[in-house]
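The structure appears below as structure tokens.
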Amino acid sequence: MRVTKHEHACIRLDSEGKTLLIDPGAFTLPLEDLTDLVGVVLTHEHPDHWTPKQLDQILADAPGTPIMGPAGLAAAASDYDVSIVAPGETVDVGPFRLEFFGGTHSVIHESIPVIDNVGVLVNDAFYYPGDSYAVPEGRDVALLAAPVGAPWLKIGDAMDYVLAVGPRRAFGTHDMTLSRIGLDMHRDRLRWATEQNDGEFLVLEPGEATDV
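Numbering (this note's numbering), first residue to last: 2 to 213.
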């Protein structure tokens, strides 16, 4: 399975000639080559993870593609046919088996309501938590997309999260809120955390990929 990092929170997965997208949002450039798209996972309702503009373009290129997300996302995207998924559920789309974890977005501030959020484990190998520190308990994560910058994120908490998951490999995502200096600094912190469990930290820029 090939894992491609796009801008900010968007991940593309390719396997057996089919494609799965996760969280194409406002900070992600328009995506191409989606004729073999079999599913879109939207972890939550915030616009940096999905927008009508992005979704309309995706569905124009790949009509009828299943869209999956938690109940809060389905309500926010009520103009679209969204299949509601919840922690503990599994869904098969094409060659991808999706298992969902978590349930809630990390707290930004007490004045801001906490919304639904799901993390997703793909093919028992790749894990992306959305905007949360949800740990896929009991799973051996081969590759983790670890949030590295956000209004809700303190880098010490992000380090503890990587330590808790203990992935064999990890890379930083959710990064468009950081300056270049801040991104490099936070990546170094997550590298340290990954290496504590003998893992390898990868630096992936938008458009770069790795296999798992």
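Ideal Cβ placement from N, Cα and C applies to all residues, glycine included.
Query                                                                                                                                                                                        : Result
Taking 8 Å as the limit between beta carbons, can you name the residues of its chain near Leu179, skipping five residues before and five after?                                              : Val149, Gly150 and His187
Return the CA-CA distance between Ala159 and Leu191, expressed in angstroms with no decimal places.                                                                                          : 7 Å
What residues in its chain sit with their C-beta under 8 Å from that of Asp80, if we drop five residues either side in the sequence?                                                         : Pro53
Using the C-alpha atoms, what's the distance from Val42 back to Ala75?                                                                                                                       : 11 Å
Using a Cβ-Cβ cut-off of 6 Å (strictly less than) and excluding sequence neighbours within five positions of Gly167, which residues of its own chain qualify?                                : Asn198
Out of Asp24, Asp185, Leu99 and Val123, point me to the one whose CA is closest to Val204's CA.                                                                                              : Asp185
Between the alpha carbons of Met15 and Lys155, how many angstroms are there, rounded?                                                                                                        : Before going on, a small fix: residue 15 reads as Asp here, not Met. Spanning the two alpha carbons is a distance of roughly 31 Å.
Run through DSSP, which three-state label would Asp57 get?                                                                                                                                   : helix
First and last residue of the beta strand (DSSP E) that includes Thr91?                                                                                                                      : Thr91 to Val94
Would you give the residue range spanned by the beta strand (DSSP E) that Glu201 belongs to?                                                                                                 : Glu201 to Leu203
Do the CB positions of Ala143 and Val92 come within less than 7 Å of each other?                                                                                                             : no
When every heavy atom of the ligand NAP is checked, does at least one fall within less than 6 Å of the C-beta of Glu209?                                                                     : The model on display carries no ligand, and the ligand NAP is accordingly not part of it.
Per DSSP, what kind of secondary structure is Glu222 in: helix, strand or coil?                                                                                                              : Absent from the model: residue 222. The displayed extent of the chain is 2 to 213, so no value can be given.
For Thr20, does the count of other Cβ atoms within 10 angstroms reach 16, so buried, or fall short, so exposed?                                                                              : buried
In or out: Ala146 buried (at least 16 other Cβ within 10 Å) or exposed?                                                                                                                      : buried
Please go through the same chain and pick out, in chain order, the residues whose beta-carbon is closer than 6 Å to the beta-carbon of Cys11, but skip the five residues on each side of it. : Asp24, Pro25 and Thr29
Val86 and Pro71 look like a contact to me (Cβ under 8 Å); what is the Cβ gap, rounded to whole Å?                                                                                            : 7 Å
Among Glu8, Arg3 and Val4, which residue has its Cα nearest to the Cα of Pro207?                                                                                                             : Glu8
Could you tell me which residues DSSP pairs with Met69 in its beta bridges?                                                                                                                  : Val42 and Ser84
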